[in-house]
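Participant: Under UniProt numbering, think of the first position of the sequence shown as 25, with each following residue one higher.
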Amino acid sequence: TKTVREVLEEVVPKKQLQLKQLKTEHGQAVLGDVKVEHVVGGMRGLKAMLWEASVLDPIEGIRFHGLSIADCQKVLPAAPGGKEIIAESMLWLLLTGKIPTEAETRQLSRELAEKGELPEYIEKLIDSLPSTLHPMTQLGMGVAALNHESKFQQAYERGIKKSEYWTYALEDSLDLLAKLPALAARIYRNIYNPGKPLPKINKDLDLVGNYVNMLGYGDNHDLTEYLRLYIAIHGDHEGGNASAHTSHLVGSTLADPYLAYAAGLYALAGPLHGLANQEVLRWQMNMQKELGGNITHESIKEFLWKTLKSGQVVPGYGHGVLRNPDPRFMALQQFCDTRPALLQDPIVQLVKKTYEVAPAVLKEHGKTKNPYPNVDAASGCVLYHYGLTQFKASHTAYYTVIFGVSRALGCLTQYVWSRALGLPIERPKSLSMDAIEKLIKQ
Ligand code: CMX
C-alpha cells in the first residue's frame with residue numbers, strides 16, 4: 025500500500041518530462057486561432073490553459089484522466105457499506121491519474137480524518153460572524169484564514185528550491201481538504217441550528233461521511249451516499265470554468281493554496297455558476313406553485329416560455345462547453361431512479377418532466393448553444409428532498425457551500441500540478457476596442 029505522496033513522487037518526473045518535450049519539440053505548434061469573438065466573448069472555446077486532471081468533451085462530458093463518470097463508478101472504491109464514489113478515491117485519481125486500491129483509499133480517508141479538526145482561531149472567527157452573512161462569504165473567509173497554517177507559505181519565506189514547491193503545495197492541499205467539512209458544517213450549524221453541539225470527527229469514516237454527520241444528517245444513509253456521489257462528480261470540470269480558472273490564476277502568483285482556493289470559491293458563488301442549483305430549485309418550486317395540480321407537458325412548456333419571454337435564463341440548462349445532456353445530471357438521475365422515495369418526490373418528478381420538455385423549447389427559442397440540462401438541473405432538488413431545505417433567502421443560501429467542498433478536489437489538484445510543472449504566472453494580453461480595430465486594419 026502506497027501513500028498518495030509516494031505515487032506522486034513516481035508520476036511527477038514523468039509529467040515534467042512530458043511538458044519539457046511539449047515545450048521544446050512543439051512549442052510553436054498552433055492549437056487554434058484567436059478571433060475577435062474570443063476576445064469579446066468570454067474566451068469561450070479558446071484553448072489557452074493547461075489543466076491536467078480532467079478534460080471536458082462537448083458531447084461526452086467530463087472525463088477524469090480519461091475515465092468517464094460511468095467508468096469511475098465501476099473502478100473507484102466506495103465507502104464501507106456504500107456503493108457511490110467517495111471524495112478520497114476521486115482525489116487520488118485526480119492527483120495521480122491512478123486508481124487507488126481499497127486499502128489506499130481507506131488510508132487517505134484516515135489521514136484526512138486525523139487532520140480534520142479546525143484550529144480554535146478559525147472556530148472563533150466563524151462563530152463571530154453574523155448568521156445573516158452569506159455562507160459562501162463565510163466559507164471563503166474561513167479558507168483564506170486557514171493560510172495561517174500554510175506550509176507552502178512558510179517554506180517559501182524560508183527560501184526553498186522551485187522543484188520542492190509541489191510537495192508543500194500537496195501538504196497544504198490535503199490539510200485544507202481535510203478541514204473543509206468541519207468548516208462548512210460549522211457555518212451550517214451557526215446559521216440554521218445555533219448552539220447545537222457539533223460531533224467530533226470520526227476517524228473511521230470517509231470525508232463526506234463525516235461532513236454529513238456534522239451537518240446533522242449522519243443517520244441518513246441515502247443522503248450520505250448522494251453527497252458522496254455529488255461531491256465526487258462535482259470535483260473537477262476542467263480548467264476554464266470560473267472557479268477553477270480563478271484559483272489557477274491566483275495560484276500562479278504563488279499565493280498559497282488557501283488563498284488560491286478562497287478566490288475560486290468567490291467565483292463559484294455567482295448565479296451563473298455554483299449558485300445555479302439553488303436557482304433551479306427556486307424556479308421549479310415557483311413552477312410547482314403556479315401549475316398547482318395541472319402538471320402536464322403543455323403547462324410546463326408554457327411556464328418555460330414565460331420564463332424566457334421575461335428575459336430570464338432557464339436555470340440548470342445550457343453550458344459554456346457541453347452540447348449534450350450533462351453526464352453528471354444523468355448520474356444523479358440514475359441515483360434517483362434506483363430509489364422509490366426519490367421517484368415519488370413531487371419536485372424530483374417535476375425535474376424529470378421538465379427535462380422531457382425543456383430541450384425542445386430552448387431549441388425553438390434558438391438562443392442557447394446547448395438546450396440540454398447541466399448538473400444543476402437536478403442536484404439541488406434532491407438535496408431538498410433529503411431535508412436540506414435552506415435555500416430561499418439569498419443570505420441563507422447554503423447549497424453552493426457543498427459545491428465548494430467538492431470543487432476543492434480539482435482546484436487543489438491543479439495547484440499541486442501547476443507547482444510540480446513550474447507553470448509561470450498567468451498574464452494574457454488584453455486589448456482595447458480601439459486597439460482591436462487597429463490590429464484588424466493592419
Ligand atoms: N436559458 C435561456 N437563455 C440561455 C440559456 C438558458 N438556460 N443558456 C444560455 N442562454 C442564452 C444566453 O444568455 C445568451 O444570450 P445573449 O446572447 O442574449 O447574451 C445565448 O443564449 C448564448 O449563450 P451560450 O453561448 O449558449 O451560453 P454561455 O456559454 O454564454 O453561458 C451558461 C453558459 C451556463 C452561463 C448559460 O447557459 C446559463 O446562463 N445557464 C443557466 C444558468 C446555469 O444553469 N448555470 C450553471 C452552469 C453549470 C456550472 O456552473 O457548472
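Glycine included, every Cβ here is placed at the ideal spot set by N, Cα and C. Only a predicted model underlies this, so the values are computations on that prediction, with no experimental measurement involved.
Return yes when at least one heavy atom of the ligand CMX lies under 8 angstroms from the C-beta of H389, else no.
Facilitator: True, at least one ligand heavy atom lies under 8 angstroms from that Cβ.
Participant: Tell whether a beta-carbon distance below 9 angstroms holds between A432 and M160.
Facilitator: Contact: no.
Participant: Alpha helix (DSSP H) containing G344: first to last residue?
Facilitator: Neither: G344 is in no alpha helix (DSSP H) and is coded neither H nor E.
Participant: Could you give the DSSP three-state label for K399: helix, strand or coil?
Facilitator: The sequence shown places Val at residue 399, not Lys. Coil.
Participant: Is the beta carbon of L157 sitting closer than 9 angstroms to the one on L207?
Facilitator: Not closer than 9 angstroms, so no.
Participant: Taking Cβ positions, are K305 and G404 nearer each other than 9 angstroms?
Facilitator: Strictly speaking, residue 305 in this sequence is Leu, with Lys absent from that position. Contact flag set, yes.
Participant: With a CB to CB cut of under 7 angstroms and the five nearest residues on each side skipped, what residues in its chain are close to D280?
Facilitator: Within the same chain, D280 has close Cβ partners N171, S174, F176, Q177 and D196.
Participant: Hey, how far is the Cα of Q312 from the Cα of L332?
Facilitator: If you take the alpha carbons of Q312 and L332, they lie about 17 angstroms apart.
Participant: Report the rounded CA-to-CA distance for V63 versus D230, giving the unit in angstroms.
Facilitator: Roughly 44 angstroms between the two C-alpha positions.
Participant: Quick check on I460: does DSSP put it in helix, strand or coil?
Facilitator: In the structure shown, I460 sits in a helix (DSSP, three-state: H, G or I).
Participant: Just reading off the alpha helix (DSSP H) that D199 is part of, what are its end residues?
Facilitator: Y189 to Y216 is the extent of the alpha helix (DSSP H) around D199.
Participant: Given a threshold of 16 other Cβ atoms within 10 Å of its Cβ, counted over all protein chains shown, does Y192 qualify as buried or as exposed?
Facilitator: Answer is buried; the Cβ neighbour count reaches 16.
Participant: Excluding sequence positions up to five away, which residues of its chain have a Cβ less than 8 angstroms from the Cβ of R464?
Facilitator: For the record, residue 464 in the displayed sequence is Ile; it is not Arg. So the list reads V60, once near-sequence residues are dropped.
Participant: Run through the stretch 83–164 for me and flag every whole beta strand (DSSP E) of 3 or more residues, listed as ranges in chain order.
Facilitator: Those beta strand (DSSP E) runs which fall completely within the stretch 83–164 and span 3+ residues are 85–88.
Participant: Quick check on this structure: which residue in G434, V232 and L201 has the alpha carbon closest to the alpha carbon of P104?
Facilitator: Answer by Cα proximity: V232.
Participant: Buried or exposed for Y145, please, with buried defined as at least 16 other CB atoms from any protein chain shown within 10 angstroms of its CB.
Facilitator: Exposed, because fewer than 16 other Cβ atoms sit within 10 Å of the Cβ of Y145.
Participant: At which residues does the beta strand (DSSP E) containing D81 begin and terminate?
Facilitator: Looking at the DSSP string, the run of the beta strand (DSSP E) that includes D81 is S78 to D81.
Participant: Roughly how many whole angstroms lie between the Cα atoms of G298 and V372?
Facilitator: Using only the alpha carbons, I get a separation of about 20 angstroms.
Participant: Quick one: using the 10 Å Cβ neighbour count with 16 as the cut-off for buried, is K38 buried or exposed?
Facilitator: K38 should be labelled exposed.
Participant: Between the Cα of T169 and those of P154, S155 and K203, spot the shortest distance and give me the residue it belongs to.
Facilitator: Inspection of the sequence shows that residue 169 is occupied by Ala rather than by Thr. That would be K203, whose Cα lies nearest to the Cα of A169.
Participant: Are Y189 and S430 touching if we call contact CB-CB under 9 angstroms?
Facilitator: It is not a contact, given that the beta carbons lie outside the stated cut-off.
Participant: Under the three-state reduction of DSSP, which class applies to A421: helix, strand or coil?
Facilitator: Residue state, collapsed to three classes: coil.
Participant: Only counting the same chain, and skipping five residues up and downstream in sequence, which positions put a Cβ closer than 6 angstroms to that of A266?
Facilitator: Answer for A266: A291 and H297, listed in chain order.
Participant: Roughly how many angstroms lie between the CA atoms of V112 and N318, to the nearest whole one?
Facilitator: In the sequence under discussion, the amino acid at residue 112 is Glu, which differs from the Val named in the question. The alpha-carbon atoms of E112 and N318 are separated by roughly 44 angstroms.
Participant: On the three-pair Cβ rule with 8 angstroms, is the stretch 124–131 touching the stretch 377–393?
Facilitator: The answer is no - the stretch 377–393 does not touch the stretch 124–131, with fewer than three Cβ pairs under 8 angstroms.
Participant: Let's test the definition: count the other Cβ atoms within 10 Å of the Cβ of E84 and tell me whether it reaches 16, buried, or not, exposed.
Facilitator: With fewer than 16 Cβ atoms within 10 Å of its Cβ, E84 is classed as exposed.
Participant: Excluding sequence positions up to five away, which residues of its chain have a Cβ less than 7 angstroms from the Cβ of Q97?
Facilitator: Once the five neighbours on either side are set aside, the close Cβ partners of Q97 are I109.
Participant: How long is the line joining the alpha carbons of P364 and A72, rounded to whole angstroms?
Facilitator: One C-alpha to the other measures close to 45 angstroms.
Participant: Can you give me the Cβ contacts of I449 inside the same chain, cut-off strictly under 7 angstroms, excluding the 5 residues immediately before and after it?
Facilitator: The answer, listed in chain order, is S276 and T277.
Participant: Identify whether I449 lies in helix, strand or coil by the three-state DSSP scheme.
Facilitator: Coil at I449, not helix or strand.
Participant: Let me check you understand the geometry: is the CB of L77 closer than 8 angstroms to at least one non-hydrogen atom of the ligand CMX?
Facilitator: A small fix is needed here, since residue 77 is Ala in this sequence, not Leu. No, the Cβ of A77 stays beyond 8 angstroms of every heavy atom of the ligand CMX.
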